[in-house]
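Participant:
2 protein chains.
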Amino acid sequence: MSDESGGEFPVGMPRNYLRPCLLLLLAEGTSHGYELLEQVAALGLGRSDPGRVYRCLRAMDEDGLVHSVWTPSATGPARRTYALTDEGRDWLDALAGSLAEVSRALGGYQRRYKRLVKQDETAR
Amino acid sequence: MSDESGGEFPVGMPRNYLRPCLLLLLAEGTSHGYELLEQVAALGLGRSDPGRVYRCLRAMDEDGLVHSVWTPSATGPARRTYALTDEGRDWLDALAGSLAEVSRALGGYQRRYKRLVKQDETAR
DNA sequence: TCGTGTATGTGCACCATACACTTAGCCCGC
DNA sequence: GCGGGCTAAGTGTATGGTGCACATACACGA
Chain D
201 MSDESGGEFP
211 VGMPRNYLRP
221 CLLLLLAEGT
231 SHGYELLEQV
241 AALGLGRSDP
251 GRVYRCLRAM
261 DEDGLVHSVW
271 TPSATGPARR
281 TYALTDEGRD
291 WLDALAGSLA
301 EVSRALGGYQ
311 RRYKRLVKQD
321 ETAR
Chain H
201 MSDESGGEFP
211 VGMPRNYLRP
221 CLLLLLAEGT
231 SHGYELLEQV
241 AALGLGRSDP
251 GRVYRCLRAM
261 DEDGLVHSVW
271 TPSATGPARR
281 TYALTDEGRD
291 WLDALAGSLA
301 EVSRALGGYQ
311 RRYKRLVKQD
321 ETAR
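Which chain is which? The protein sequence lines are D and H, in order. Quick note: to get the working numbering, add 200 to the position in the first sequence (first position is 1). Quick note: to get the working numbering, add 200 to the position in the second sequence (first position is 1).
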């Protein structure tokens with residue numbers, strides 16, 4: 201309870217949520233790990249660690265959902281730039297559908313919870 | 201893609217989703233594991249295995265969120281009947297709040313995804 | 001007595017996640 | 001020129017939830 205010290209969710213985001221997040225961001229535009237790391241925060245992943253993002257990108261690369269190219273940078277070290285493949289785009293659509301199902305289930309939970317709270321109030 | 205053979209979500213439900221589910225069901229009424237096992241399916245957990253449910257109930261018992269009593273059954277073996285504690289009720293409220301946050305994040309994702317799809321259509 | 005349904009559990013391996021740590025290039029100030 | 005800070009990309013490892021298989025036991029009917 202009270203959940204001080206950082207505000208971590210007692211329940212986490214959906215399993216593998218990072219994958220659809222990265223696919224969505226890459227569908228919006230080619231990017232590299234370090235930049236994606238900052239952008240995923242806006243999708244509900246607060247301050248997720250670099251290792252997680254880099255490993256996920258690697259795995260999707262091996263799965264053929266994205267492909268990467270080393271690109272030099274004028275302002276720092278070289279970047280591994282990622283772009284979405286056609287298969288990755290298909291996966292994005294599929295994962296977005298799955299997330300919609302999760303969202304629906306969560307909506308059902310909320311309705312049921314609110315009904316319970318209302319019953320408790322009237323019974324009080 | 202295509203996801204034959206059972207229809208498992210490519211992305212799963214939130215981590216620890218079973219806990220708020222069981223707490224909600226127990227808030228609606230005292231019950232036992234085998235019955236809860238069937239009821240959680242309605243909350244979005246399709247055919248979750250018994251072991252998971254029993255282990256979760258045990259863990260919550262040790263955490264003091266529920267307490268259990270052995271009750272004989274006329275139609276079969278004895279049941280371990282669970283009831284919600286005050287602390288369990290507090291946790292239910294907290295977890296429901298967390299799930300609401302998750303739900304909000306997922307809503308944001310969906311909006312962003314749909315915007316992308318629309319852009320793709322107009323650009324086609 | 002053997003199978004079926006109810007009811008509760010354990011064993012184990014896998015995998016995502018969390019957290020800590022490392023490497024390396026570039027630039028700026030001292 | 002040298003140290004520190006920022007950018008950028010990783011690796012190592014422990015933990016913990018989950019999936020799947022398996023074990024146990026009671027009741028009841030064929």
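Glycine included, C-beta positions come from ideal geometry on N, C-alpha and C.
In the DSSP output, which residue or residues are listed as bridge partners for Tyr-282 (chain D)?
Facilitator: As a working note, residue 282 (chain D) is residue 82 in the first sequence. D:Ser-231, D:Ser-268.
Participant: Spatial neighbours of Cys-221 (chain D) within its chain, please: CB distance less than 6 Å, with the 5 preceding and 5 following residues excluded, ordered by chain position.
Facilitator: Taking the first residue of the first sequence as position 1, residue 221 (chain D) is located at position 21. Contacts found: Val-240, Leu-243.
Participant: Pick out whichever of D:Tyr-217, D:Thr-281, D:Tyr-309, D:Arg-311 has its Cα sitting closest to the Cα of Ser-248 (chain D).
Facilitator: To locate residue 248 (chain D), count along the first sequence from 1; it is residue 48. It is D:Tyr-217.
Participant: Using a Cβ-Cβ distance cut-off of 8 Å, determine whether Thr-253 (chain H) contacts chain D.
Facilitator: Residue mapping note: residue 253 (chain H) aligns to position 53 of the second sequence, counting from 1. For the record, residue 253 (chain H) in the displayed sequence is Val; it is not Thr. Closer than 8 Å: no.
Participant: Does chain H have any CB closer than 8 Å to the CB of Ser-248 (chain D)?
Facilitator: One-based indexing of the first sequence puts residue 248 (chain D) at position 48. No - not a single Cβ of chain H is within 8 Å of the one on Ser-248 (chain D).
Participant: Check for me: the alpha helix (DSSP H) holding Gly-251 (chain D) runs from which residue to which?
Facilitator: Taking the first sequence and counting its residues from 1, the one referred to as residue 251 (chain D) is at position 51. From DSSP, the alpha helix (DSSP H) with Gly-251 (chain D) extends over 250-263.
Participant: Does the beta-carbon of Gly-288 (chain H) have 16 or more other beta-carbons within 10 angstroms, so that it is buried, or is it exposed?
Facilitator: Position 88 of the second sequence, counted from the first residue, corresponds to residue 288 (chain H). Gly-288 (chain H) should be labelled buried.
Participant: For chain H, find out if any of its Cβ atoms is closer than 8 Å to the Cβ of Ser-298 (chain D); answer yes or no.
Facilitator: Counted from its first residue, the first sequence places residue 298 (chain D) at position 98. So, interface residue.
Participant: Residues of chain D with a CB under 7 Å from the CB of Gly-264 (chain H): which are they?
Facilitator: Against the second sequence, residue 264 (chain H) aligns to sequence position 64. Correct list: empty, because the minimum Cβ distance to chain D is about 12 Å.
Participant: Can you tell me which residues form a DSSP beta bridge with Pro-214 (chain D)?
Facilitator: Indexing the first sequence from 1 puts residue 214 (chain D) at position 14. Pro-214 (chain D) pairs with H:Pro-214.
Participant: Taking three-plus beta-carbon pairs below 8 Å as touching, is the segment 254-273 of chain H in contact with the segment 306-320 of chain H?
Facilitator: Counting Cβ pairs under 8 Å, fewer than three are found: no touch.
Participant: Quick one: residues in its chain with C-beta nearer than 7 Å to the C-beta of His-232 (chain D), no 5 flanking neighbours on either side, listed in chain order?
Facilitator: Translated into positions along the first sequence, residue 232 (chain D) becomes position 32. For His-232 (chain D), where only same-chain residues beyond five positions count, the Cβ hits under 7 Å are Arg-279, Arg-280, Thr-281, Tyr-282.
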